[in-house]
Amino acid sequence: MLQIFLPFLAWWPLVGRDSLRADLLAGLTGAVIVLPQGVAFAMIAGLPPEYGLYTAMITPIVAALFGSSLHLISGPTTAISIVVFSAISHHAEPGSAEFISLALTLTFLAGVYQLAFGLARLGTLVNFVSHSVVIAFTAGAAILIMTSQLKHVLGVYVPKGESFLHTWVDVFYQIGDINYYILTVALSTLISALLFKRFLPRLPYMLLAMIFGSLVSLILNGEAHGVHLVGEMPAHLPPLSLPDFSLATIRQLAPEALAVALLGLIEAVSIARSVATQSHQHINGNQEFIGQGLSNMVGSFFSSYAGSGSFTRSGINYQAGAKTPLSAIFAAVFLALTVLLIAPLSAYLPLAAMGGIILLVGYNLIDFHHIKGIIKASRSETSVLLVTFLATLFLELEFAIYAGILLSFVFYLSRTARPKIVTLAPNPEESRRNLTNIERKPLPECPQLKIVRIDGSLFFGAVSYTSSTLHKMTEKESTITHILIIADAINFIDVAGGEMLVQESKNWKAQGGSLYLCGLKMEAEKILRQGGYLDEMGENNVFSSKEPAIANIFKRLDAEQCQTCQHRIFRECQDFTK
1 MLQIFLPFLA WWPLVGRDSL RADLLAGLTG AVIVLPQGVA FAMIAGLPPE
51 YGLYTAMITP IVAALFGSSL HLISGPTTAI SIVVFSAISH HAEPGSAEFI
101 SLALTLTFLA GVYQLAFGLA RLGTLVNFVS HSVVIAFTAG AAILIMTSQL
151 KHVLGVYVPK GESFLHTWVD VFYQIGDINY YILTVALSTL ISALLFKRFL
201 PRLPYMLLAM IFGSLVSLIL NGEAHGVHLV GEMPAHLPPL SLPDFSLATI
251 RQLAPEALAV ALLGLIEAVS IARSVATQSH QHINGNQEFI GQGLSNMVGS
301 FFSSYAGSGS FTRSGINYQA GAKTPLSAIF AAVFLALTVL LIAPLSAYLP
351 LAAMGGIILL VGYNLIDFHH IKGIIKASRS ETSVLLVTFL ATLFLELEFA
401 IYAGILLSFV FYLSRTARPK IVTLAPNPEE SRRNLTNIER KPLPECPQLK
451 IVRIDGSLFF GAVSYTSSTL HKMTEKESTI THILIIADAI NFIDVAGGEM
501 LVQESKNWKA QGGSLYLCGL KMEAEKILRQ GGYLDEMGEN NVFSSKEPAI
551 ANIFKRLDAE QCQTCQHRIF RECQDFTK
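Position 245, counted from 1, in the sequence shown is what my numbering calls 245; the numbers after and before it change by one each time, with no gaps.
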C-alpha cells in the first residue's frame, strides 16, 4: 500500500551525485524544449499561452513523484489539447474566463477517472485500444490542428468553433483576401524550423524558429500590416485556481472527461513502455494511471489543463542521460525560472509565427510509416484506421475515440468467434509423429480418422461456428467415424464450449465412432472436469499428447478398412502390409 501512494520511495535510493548531475542537465534540456511547445499547445487548446506553461510546470512534478516510469515526462500534448478544445468550445468562447473554468473542471474530472482506474487495478485497460485507433486518431487530430491554424497563417477570418469542413469552405471563399505579410512570417518560421532541425539538431529549433519569425515580422513592420502578436504573458508562477464543481457542469463535462482520461492514459502508458524498452525498466500500468490522475487533479488547482505523457520530451529526456524522475522536476523548476525572466518577450511573438510552428507540430504527429504498414497488413485494421480518422475529422473527438474502440472490439469479437480450424495429417518425410496442415502441404488422410487443430477459444460466441465448421469438414467423407481434436491451442473453454464438445461427442458415437481430445491446457481441462463434461465424453477419449492419442485411436479403427486402405500414413499401418 505504501508503494502505491509513495512510489518515489522506490527510486529515491538511485539518487546520487552522478544522477543529480545527469538529471540537472536533462532537466535544463527539457525546459528549453517545452517552452515553445507549452505556448503552442495552449493555443491549440483554446487557452491563453501561459496555461500551457503552467501545465508544464505542475503536471510533470506530480506525475514524476507518483508514476512508475523513470523517464516519462508529462505535461501539455497536442492530442490532449485538441480534445480539450473540441470538448469545451461548444460550451464557451475559447480564451474566455468561462472557457478556462470549464477546462480546469474537465482536467479535474479526467484526473478522477484516471485515479479511479488506477486504484481499481485497471492498468490493462489501455491494451483494449488498438494501435490503429491511436494512430488514426492522432493523424486526424493533426489535420484538425493544422486546419485550426489557417486563420493565423493566412490572415483570413474564420469564426471560432467552426467545424473542419466549414473552416475549409471559409478559407476557400477568402483565397483572394490572404494577408501576404502574415503568410510570409508564418512560412519564414516554418522553413527556418525545418532548417534549424536539419542542420542544428542539438539546438531547440522551435524556439530559434519563433525568434526568427519575430525578427522577420519586425523587419517587415508586420504589426502595421495586420500581423497580430501573442501579447505579453504574466511573469509569475501558476496561480491558485478552483474548478467549477457545480452538478450541472460535472454532468455536462463527464462524457468528455472520460475521453480525455482514456486518451491521456493511452498516451502516457504507451510512451512509458516505449522508453522502457530502451532503458530495460518494468512499467507498472496501474501506478502510471494513479500518477497521471493525481497530476491532473492537482494541476487543476494550479491553473493547469489536462496533460499526459509527451513522446518528444520523454525521448529527449532519456537521450539526454536522465537517471531518475528528478529530471522532470528539474525541468519544471527551470521552466518556472525561465518564464519569470523572459515572459515580457512574448509581447513580440507574432501569432503567425506560432501558427507556422503549430503546422510543423501537426505534420510531425502523422505517423506515415505505421499507417502504410497497417494498410498493407490488414483489411480490418485498415477499416478501423479509416473510420477513426474520418470520425476524428467530422464528429466530436470523444466520439471518434469511442467509434474506433467499438469497431476494434467488433472485429476482435468476429475473430475470436471464428477460431482457425485446420485439417492435419502425418508428414511421412519426418521420423517423429509430426502433423502438418494439409492446406500448406497436401498429404493423404486416414479414411476413418479426421485430425483437426483448433486455434482459439471455445466460448459461447464461437461454439456455433466451430460446430458447423467441423460438420462441413467431415460431411462429404462418409467413411470417417472418428475425429481427433488437437487442443493445445485452445486457451479457454466456457460452459457453452463444454456442452458443444459433449454434443459433438454424442453425434460421433451415434455414427459408431468417437470424438477425442489431446493436448488440453490445464485451465481448459480443469473447466471440463469440474463441469462433468469429461465424464460424459469419456475419460479414455482424452489424451495428454498426439503420440498416445493416435496409438490408442488406431486400435479402435475398423481393421477391415485398414487392410484395404492405400494410405499407410501411420506407423501402425505398416502392420497391415505383412
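Cβ atoms here follow ideal geometry from the backbone N, Cα and C, with glycine treated the same way.
Everything numeric in this text was worked out from a predicted model, so none of it was measured.
| query | result |
| --- | --- |
| 8 Å contact criterion, which Glu93 and Lys160 should meet: CB distance rounded | 7 Å |
| Through-space distance from Leu528 to Asp494, alpha-carbon basis | 8 Å |
| Distance, Gly111 Cα to Gln292 Cα | 7 Å |
| Bridge partner(s) assigned by DSSP for Asp455 | Lys420 |
| Inter-residue Cα distance where the pair is Ile80 and Asp177 | 32 Å |
| The beta strand (DSSP E) enclosing Cys562, as first and last residue numbers | Unbroken run through Cys562 is the alpha helix (DSSP H), 559-564; no beta strand (DSSP E). |
| Per DSSP, cross-strand counterpart(s) of Ser74 | Gly309 |
| The segment 257-264 touching the segment 395-412, judged by at least three CB pairs closer than 8 Å | yes |
| Separation of Thr55 from Leu72, as counted between CA atoms | 15 Å |
| Boundaries (first-last residue) of the beta strand (DSSP E) holding Ile175 | Neither: Ile175 is in no beta strand (DSSP E) and is coded neither H nor E. |
| Range of the contiguous beta strand (DSSP E) that encloses Thr479 | Where Thr479 is concerned, there is no enclosing beta strand (DSSP E), given that its DSSP letter is neither H nor E. |
| Three-state class that DSSP yields for Ala92 in the structure shown | coil |
| Where Arg571 falls, given that 16 or more other Cβ within 10 Å makes a residue buried | exposed |
| Nearest-angstrom Cβ-Cβ length linking Gln149 and Gly355, presumed shorter than 8 Å | 4 Å |
| Cβ neighbour criterion (16 or more within 10 Å) applied to Glu98 | exposed |
| 8 Å Cβ cutoff met for Ser304 and Ala268 | no |
| Of the listed residues Val333, Ser188, Val126, Gly222, nearest to Ile266 (C-alpha basis) | Val126 |
| Inter-residue Cα distance where the pair is Ile82 and Gly226 | 26 Å |
| Ser514: first and last residue of the uninterrupted beta strand (DSSP E) it sits in | 514-518 |
| Thr388 - containing alpha helix (DSSP H), residue span | 379-394 |
| Among Leu517, Tyr51, Leu390, Pro13, nearest to His236 - alpha-carbon criterion | Tyr51 |
| Pair within 8 Å by beta-carbon distance, Thr59 and Ser314 | no |
| Where Leu449 sits in the DSSP three-state scheme | strand |
| contact_flag[the segment 130-145, the segment 176-195] where n(CB pairs < 8 Å) is 3 or more | no |
| Boundaries of the beta strand (DSSP E) in which Thr436 is found, first to last residue | 435-437 |
| Local Cβ density within 10 Å of Phe543, reported as buried at 16 or more and exposed below that | buried |
| Cβ-based burial, Thr564 [other Cβ within 10 Å; buried from 16] | exposed |
| Start and end residues, alpha helix (DSSP H) containing Ala40 | 17-44 |
| Test item: CB-CB of Ile454 and Pro419 under 8 Å | yes |
| For Val542, three-class secondary structure by DSSP | strand |
| Proximity of Gln287 and Pro49 at Cβ, strictly below 8 Å | no |
| Continuous alpha helix (DSSP H) stretch holding Glu223: start and end | Element bounds for Glu223: n/a, residue is neither H nor E. |
| Same chain, Cβ closer than 6 Å to Lys578, five either side skipped, listed in chain order | Note that Lys578 scores a pLDDT of 48, beneath 50, so its modelled location is shaky and nothing firm can be said. |
| Under the three-state DSSP convention, the category Ile191 falls into | helix |
| Test item: CB-CB of Ile211 and Ile33 under 8 Å | no |
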